[in-house]
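Note sheet for the following structure.
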Amino acid sequence: MTGPQQRRMGWILVGLLVATALGITNHILTASHVRTPYYFGWLLLVMVVFLAAFGVRKKLTFLPPTLIFGGNAANWLRFHIFIGLLSAVVFGHHTGLRLPTGFVETTLAALFLGTFLSGVTGLILSRVIPARLTSRGEEVLFERIPMFRSRLRTEVEELVAAAAEKSGDSALVEFYETHLKEFFSGPKHILEHLIANKRPRRRLLQHAQNCRRFLNEPEHAQLDRITQLIQMKDDLDFHLALQGALKMWLFVHLPLTCGLLIVAVFHLLLVHAFT
0 MTGPQQRRMG WILVGLLVAT ALGITNHILT ASHVRTPYYF GWLLLVMVVF LAAFGVRKKL
60 TFLPPTLIFG GNAANWLRFH IFIGLLSAVV FGHHTGLRLP TGFVETTLAA LFLGTFLSGV
120 TGLILSRVIP ARLTSRGEEV LFERIPMFRS RLRTEVEELV AAAAEKSGDS ALVEFYETHL
180 KEFFSGPKHI LEHLIANKRP RRRLLQHAQN CRRFLNEPEH AQLDRITQLI QMKDDLDFHL
240 ALQGALKMWL FVHLPLTCGL LIVAVFHLLL VHAFT
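When the count follows numbering that gives the first Met the number 0, it moves up by one through the sequence shown with no breaks and lands on 274 for the last residue.
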């Protein structure tokens, strides 16, 4: 077992121990007629505040880790994942696993579940996507993908235009108009890239091979280059889809976290005002 695997197993064991301790505590307090939802609610609020503070910690990159509680960002991320997963256990004890009643409780429960599920989704994506990105094409910045895509489209258009000048009825022109013009116009097959479906790529390459038999010898070199450009464009779309997924989930997770904090504080005020 490697070092990272040992650390991961250690976190899992600690999590199981803490979850068990919380369950025993809940049982003892309930048997003693203590208001367990009240105390677990406070604990859950503290956990949510800590989880939200991770976003602030990431902004403090200019400070040395020794000046920040928890150390470097990597340690904060580990605690963020640990506390985030453990918060589901605390939420279960706080609610008693009963359905919420009233608008505020329902909204709060929906926000928590949405935040938790989006966090788990982000955890999975952050573990799976980086490895997949290294499997195809060169590493490229997300913001520069449109520029590279435009360059590929321009080169394809120039190759097709050159073929049309030499032979107006070239099969390359028909191939471009039928299969490539739309493909190079923008991002394509995003869903297929997310689920690792390579059929659109293989289909385009097969069309390119079918086109070859209708070309003369000088046009074969142009088709070979166009085939390379098809693969490069597909790799760009692949990186766009996967990097975009990593970025997009934050646009779901962060607003849900903010909403959860606001409604949780409002819920706390209501509890203290009427109980």
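The beta-carbon is built from N, C-alpha and C at its ideal position, and this holds for glycine as well. Since we're looking at a predicted model, the values are computed, not measured.
State the DSSP-derived secondary structure class of LYS232, mapped to helix, strand or coil.
-> In this structure, LYS232 counts as helix in the three-state DSSP scheme.
With burial defined as no fewer than 16 other Cβ atoms inside 10 Å of the residue's Cβ, what is the status of SER279: buried or exposed?
-> Residue 279 is absent from the model: the chain starts at 0 and stops at 274.
Would you check if the stretch 221-241 and the stretch 158-168 touch, i.e. whether three or more CB-CB distances between them fall below 8 Å?
-> Between the stretch 158-168 and the stretch 221-241 there are three or more inter-stretch CB-CB distances shorter than 8 Å, so the stretches are counted as touching.
Beta-carbon proximity list for LEU107, same chain, < 8 Å, skipping 5 on both sides = So the list reads PRO99, LEU259, VAL262, ALA263, HIS266, once near-sequence residues are dropped.
Looking at the structure shown, is ILE201 part of a helix, part of a strand, or coil, going by DSSP?
-> For clarity, residue 201 is Arg in the given sequence; the question names Ile instead. ARG201 falls in the helix class under three-state DSSP.
Among ALA240, LEU12, LEU255, nearest to ARG135 - alpha-carbon criterion | Closest by alpha carbon: ALA240.
What residues in its chain sit with their C-beta under 7 Å from that of LEU66, if we drop five residues either side in the sequence?
-> Residue placement at LEU66 is flagged as unreliable, the pLDDT there being 43, under the threshold of 50; the coordinate-derived value follows with that caveat. Within the same chain, LEU66 has no close Cβ partners at all.
Near HIS92, which residues of its chain fall below 7 Å by C-beta distance, leaving aside the five closest residues on each side in sequence?
-> Excluding its 5 nearest sequence neighbours in each direction, HIS92 has C-beta neighbours in its own chain below 7 Å: LEU21, ASN25, THR35, PHE39, listed in chain order.
Under 8 Å by Cβ, that's how I've got PHE141 and LEU235 pegged, so tell me the actual separation to the nearest angstrom.
-> LEU235 and PHE141 do not touch by the CB rule: their CB atoms are close to 11 Å apart, not below 8 Å.
Just checking my contact of LEU279 with HIS178 at CB under 8 Å: how many whole Å lie between their CB atoms?
-> Any question about residue 279 goes unanswered here, given that the chain covers just 0 to 274.
Given SER86, which residues of its chain have a CB within under 6 Å of its CB, disregarding the five upstream and five downstream residues?
-> In its chain, beyond the 5 residues on either side, MET46 have a beta carbon closer than 6 Å to the beta carbon of SER86.
Measure the CB-CB distance between HIS252 and GLY118 and report whether it falls below 8 Å.
-> Annotated as proximal: HIS252 and GLY118, with beta-carbon spacing under 8 Å.
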